[in-house]
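Just below is one structure, and these are the notes that go with it.
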Amino acid sequence: MKPSARIARSAAATVLTTATVLATAAVPAVAAPDDGAAGNTGAGRVAYLHGYQQSQALCPGGSMVGAVDTAIVAPLVAGGTLAKGDCTLADMKAANPDTEFLAYLNIGGMQGVTEWDKEPFFPTCVRPEDGEQYAVKPGNSAVATNDKGNAVYPAFDYITIADQSASYAQACGERAVDLVTTDSVRGSTGAAPVRFDGVFLDDMAMSPAHGQNMDDVGTWGPWGSDDAYGQAVLRTVGTISDAMDDDGSGKTLAGNLGIYSDDSSQVELAQRLAGSRDLDWMMREFVIGGPKGDQFGAFYAVEQNAAVLGTLSRSTPVVMHQFAVKATTDPNLTGTVGGSCLTDSTPDASRLMGQVDQRRQQDMTLSLATVLTAKEEGANLDMSVVQAQPQCQETAASNPGLYEKVTDVSVDESDPDVRQLREVLEDPGVNAVGKKSTWFDYTVWRRDLSDGRQVWVNYRNQDVTVEGVKIPAQSGLVTD
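Just so we're aligned, residue 1210 is where the sequence shown starts under the working numbering, counting upward by one.
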C-alpha cells in the first residue's frame, strides 16, 4: 500500500510515490507503464470506469488488464446483481493484483439506486427516499426540481442535491467506511472475496455548479452564497476523511474537484482543500473541453485550468481527466461531434470509427500537452487514461448492435505521439520551465522543458506552422 498523503497531512511535506510497476503485460491498445517508470502522483495511471459495465474491461482477459494503477469503479461490482457473464470485484482484483480499486461515491447529491444495488455497496451516501431531511427546497424557480420540489441537477434529475449538513456528512463518512471494510462477494471465477482499496468522492464541487450557481441564478438553498456551499463541501470531505482515519483501514481517499478555475473565490476554496491534506489525490475532469468535443477557450485551458491545478498539485496530487468523444456518425476532427451513435448497420461504419479514433488521438495529445505546460518543478500532476462515456457503447442495458462495445479501449496509448507525451509527463525529471509563448490570439502555446525540448499546443481548427514547427489542428506535441 502506498503512503497516504491524507493520513500524513499533519506533516508539512508532500508525499511523493512512484507509480506501481505492473506485473501483467499490457494488451496492445493500452500501454502499461514501463518497468521502473515513475509517476507524479501516488495514484499512478488512473482509469475512471464507474459507468455501467465499464469496469468489465478489467475482468480476466479484458482489454485493460494490467494497464492501470488505479481504477474507479461502481460499488455494484462488489456485491450487486450483475449482468449475465459479468465478473466481480474479486475477479478484477485477481486479474489486476497491483491495481488499486476505488469505490465511486457521490457526495454532492443523493443518487437513486436500483434493485441491482445491494447494501452497503451503494454509489450514494444516502438513498433519496431515506434522506428527505437532507434534500433542499430551493425557493428559486431558476433551480431544477423533482416532483417533490427538491433541488436536482438539471441534466441528472435522478440525483437530489444534498444540503451538506453535519448529519449528512456523517452519513457519508459511514458509507465510505462501510465500502472499504465490507467483503465483496466471491468472484464468478471462484476468486476469494476482497475489499475496496479506497473511495472516490464525486461532485466535490466548490459551488452548486451544473448551471445553478447563485452568482448566476440568485440565492437558493440553506447556504446563502456559492462560497458558503463550497465551504460546506469542504466540511463534508473533512468528516469523511476523519471517519476513514478513525476506521484504521489506511485506505485511499480521493475526490473529483468541481471548480471554475477562473473564479478566484473557488480557487481559494480549492487551495484550502488541497492544503487540508484530507485527500490522497484529486481529479479534475475536463482538461480541454466537454465530452461532446466542445472546447474550452485556449486561454482558460492553459493559463487558468491547467495552471491552477498545477499549483494545487503542490499540496495534494492532481490527476487530470478528459472524456473521449462518443462514437457517432458525424465524427468531426475539430469542434463538436454530431450525428447519432454508430451501429453495426451504419453504412461505412469502419471508416467512420477510424475518424472517431483519429479525433480521440488528437484530443489525447492536446490534453497531455496542456497538462504538461503546467507541470513545473514541485507539481504533482498527471493525466488519466481516457475513455468514452457509455451512451454510444453496447452494454447489457442498451439496444444491441451499437458498433463500439463498452469494454473497448477508447484511445490507443501505443500511438507514437500519445506515448511520447505520456512518457514526458510521467517522467519526474522533466518539468516545464520559463515563460510560455503564445500566437494567434492565445490559441497556440509553447513552453520549454527542462530537458531542452519544447511542448506545443494548438487549439485552432487548422494546422499551423510556427518558427518552422508544424502543429496539427487541435493537437499537442513535443519537439527537440
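C-beta: ideal position from N, C-alpha, C; glycine also. Bear in mind that the values here come from a model prediction, so they are computed numbers and not experimental data.
Other residues of its chain near residue i: CB distance less than 8 Å, five sequence neighbours each side excluded
i: Trp-1325; result: Leu-1285, Gly-1289, Thr-1290, Leu-1291
i: Ala-1558; result: Leu-1551, Thr-1552, Tyr-1612
i: Ser-1434; result: Met-1423, Thr-1428
i: Gln-1504; result: Ile-1497, Gly-1498, Ala-1510, Gly-1544, Tyr-1668, Gln-1683
i: Asn-1670; result: Thr-1543, Gly-1544, Ala-1682, Gln-1683
i: Val-1476; result: Ile-1468, Ser-1470, Val-1517
i: Thr-1445; result: Ile-1316, Gln-1373, Tyr-1377, Ala-1378, Cys-1381
Buried or exposed (CB count within 10 angstroms, at least 16 for buried), residue i
i: Asn-1608; result: exposed
i: Glu-1309; result: buried
i: Tyr-1377; result: buried
i: Gly-1610; result: exposed
i: Tyr-1343; result: buried
i: Pro-1540; result: buried
i: Asp-1339; result: exposed
i: Lys-1584; result: buried
i: Pro-1363; result: exposed
i: Val-1623; result: Per the sequence shown, residue 1623 should be read as Ser rather than Val. Per the 10 Å Cβ criterion, exposed.
i: Gly-1502; result: buried
i: Gly-1685; result: buried
i: Pro-1337; result: buried
i: Lys-1644; result: exposed
i: Lys-1302; result: buried
i: Ala-1299; result: buried
i: Thr-1369; result: buried
i: Gly-1270; result: exposed
i: Gly-1439; result: buried
Beta-carbon contacts of residue i that lie in its chain and below 6 Å, excluding the five residues immediately before and after
i: Gly-1447; result: Asp-1487
i: Val-1642; result: Asp-1657, Ser-1659
i: Ser-1522; result: Ala-1588, Asn-1589, Leu-1590
i: Pro-1681; result: Asp-1672
i: Met-1529; result: Arg-1493, Val-1496, Val-1580, Met-1592
i: Arg-1333; result: Note that residue 1333 is Thr in the sequence shown, not Arg. Same-chain partners within the cutoff: Asn-1315, Met-1319, Gln-1320.
i: Met-1491; result: Gly-1464, Leu-1466, Thr-1525, Val-1527
i: Val-1633; result: Val-1639, Val-1687
i: Ala-1371; result: Gly-1318, Met-1319, Tyr-1343, Tyr-1377
i: Phe-1508; result: Tyr-1651
Close beta carbons around residue i, own chain, < 7 Å, minus the five adjacent residues each side
i: Trp-1648; result: Val-1675
i: Ala-1418; result: Gly-1467
i: Pro-1347; result: Thr-1354, Ala-1360, Trp-1429, Gly-1430
i: Thr-1688; result: Arg-1662, Gln-1663, Trp-1665, Val-1678
i: Thr-1538; result: Gly-1548, Ser-1549, Leu-1551, Thr-1555, Leu-1561
i: Ala-1606; result: Tyr-1261
i: Gly-1420; result: Pro-1363
i: Pro-1237; result: In this prediction, Pro-1237 scores a pLDDT of 34, lower than 50, which makes its location untrustworthy; the coordinate-derived value is nonetheless stated afterwards. Contacts found: Ser-1623.
i: Gln-1513; result: Ser-1470, Asp-1471
Closest residue to residue i among the options (Cα-Cα distance)
i: Gly-1321; options: Leu-1482, Ala-1578, Thr-1279, Phe-1365; result: Phe-1365
i: Ala-1400; options: Asp-1411, Asp-1539, Ala-1287; result: Ala-1287
i: Gln-1570; options: Arg-1481, Ser-1593, Asp-1626, Gly-1457; result: Asp-1626
i: Ala-1414; options: Val-1408, Thr-1390, Arg-1395, Leu-1443; result: Leu-1443
i: Gly-1407; options: Gln-1421, Pro-1269, Leu-1311; result: Leu-1311
i: Gln-1600; options: Val-1534, Ser-1374, Arg-1395; result: Val-1534
i: Glu-1341; options: Ala-1351, Ser-1374, Pro-1402; result: Ser-1374
i: Arg-1155; options: Val-1426, Asp-1472, Ala-1578, Met-1301; result: There is no way to answer for residue 1155, as the model of the chain reaches only from 1210 to 1689.
i: Phe-1331; options: Lys-1302, Ala-1441, Val-1282; result: Val-1282
i: Thr-1391; options: Ala-1536, Thr-1520, Val-1277, Glu-1328; result: Glu-1328
i: Ala-1441; options: Pro-1402, Ser-1416, Asp-1456, Val-1426; result: Ser-1416
i: Gln-1629; options: Val-1403, Leu-1575, Gly-1396, Pro-1306; result: Leu-1575
i: Ala-1385; options: Asp-1411, Ala-1597, Asp-1278; result: Asp-1411
i: Ser-1474; options: Ser-1450, Ser-1485, Asp-1436; result: Asp-1436
i: Cys-1568; options: Glu-1586, Thr-1582, Phe-1532; result: One point to set straight first is that residue 1568 is Arg, not Cys, in the sequence displayed. Checking every option, the nearest Cα to that of Arg-1568 belongs to Phe-1532.
i: Ala-1483; options: Gly-1519, Asp-1455, Val-1345; result: Gly-1519
i: Asp-1695; options: His-1259, Asp-1307, Ser-1272; result: In the structure as shown, the chain begins at 1210 and stops at 1689. Residue 1695 is therefore absent and cannot be evaluated.
i: Asn-1305; options: Phe-1405, Ser-1350, Asp-1387, Val-1345; result: Phe-1405
i: Asp-1387; options: Val-1335, Lys-1357, Gly-1358; result: Val-1335
Residue i Cβ short of 6 Å to the ligand ZN heavy atom set
i: Ser-1393; result: As far as ligands go, the structure on display features none, and thus does not contain the ligand ZN.
Identity of the residues DSSP links to residue i by a beta bridge
i: Tyr-1257; result: Ile-1281
i: Leu-1551; result: DSSP output for Leu-1551 lists no bridge partner at all.
i: Gly-1467; result: Ala-1414
i: Ala-1597; result: Ala-1533
i: Arg-1486; result: For Arg-1486, which the question treats as bridged, DSSP gives no partner whatsoever.
i: Phe-1409; result: Tyr-1313, Ala-1463
i: Ile-1370; result: Gly-1318
i: Glu-1603; result: Lys-1614
i: Glu-1178; result: Residue 1178 cannot be examined here, being either before or after the span of the chain that is shown, 1210 to 1689.
i: Trp-1648; result: Val-1653
Exercise. Can we say the segment 1667-1677 touches the segment 1613-1625, given the rule of at least three CB pairs closer than 8 Å?
Worked result: Pairwise C-beta distances place the segment 1667-1677 out of contact with the segment 1613-1625, as fewer than three of them are shorter than 8 Å.
For this session: Assess, as a yes-or-no matter, whether the segment 1551-1563 is touched by the segment 1511-1526 under the definition of 3 or more beta carbon pairs within less than 8 Å.
Result: Touching, no, given that fewer than three Cβ pairs across the two stretches are closer than 8 Å.
Exercise. Can at least three beta-carbon pairs, one atom from the segment 1254-1269 and one from the segment 1591-1603, be found at a separation below 8 Å?
Worked result: With the cut-off at 8 Å, the segment 1254-1269 and the segment 1591-1603 touch.
Problem set entry | Inter-stretch contact at 8 Å, needing at least 3 Cβ pairs: the segment 1542-1550 / the segment 1496-1511 | Cβ pair count under 8 Å is three or more, so yes.
Exercise. Per the contact definition of three or more C-beta pairs closer than 8 Å, is the segment 1465-1484 in contact with the segment 1561-1575?
Worked result: Contact between the segment 1561-1575 and the segment 1465-1484 is absent, because fewer than three Cβ pairs lie under 8 Å.
For this session: For the segment 1294-1308 and the segment 1262-1274, state whether three or more C-beta atom pairs, one from each stretch, are separated by less than 8 Å.
Result: With the cut-off at 8 Å, the segment 1294-1308 and the segment 1262-1274 touch.
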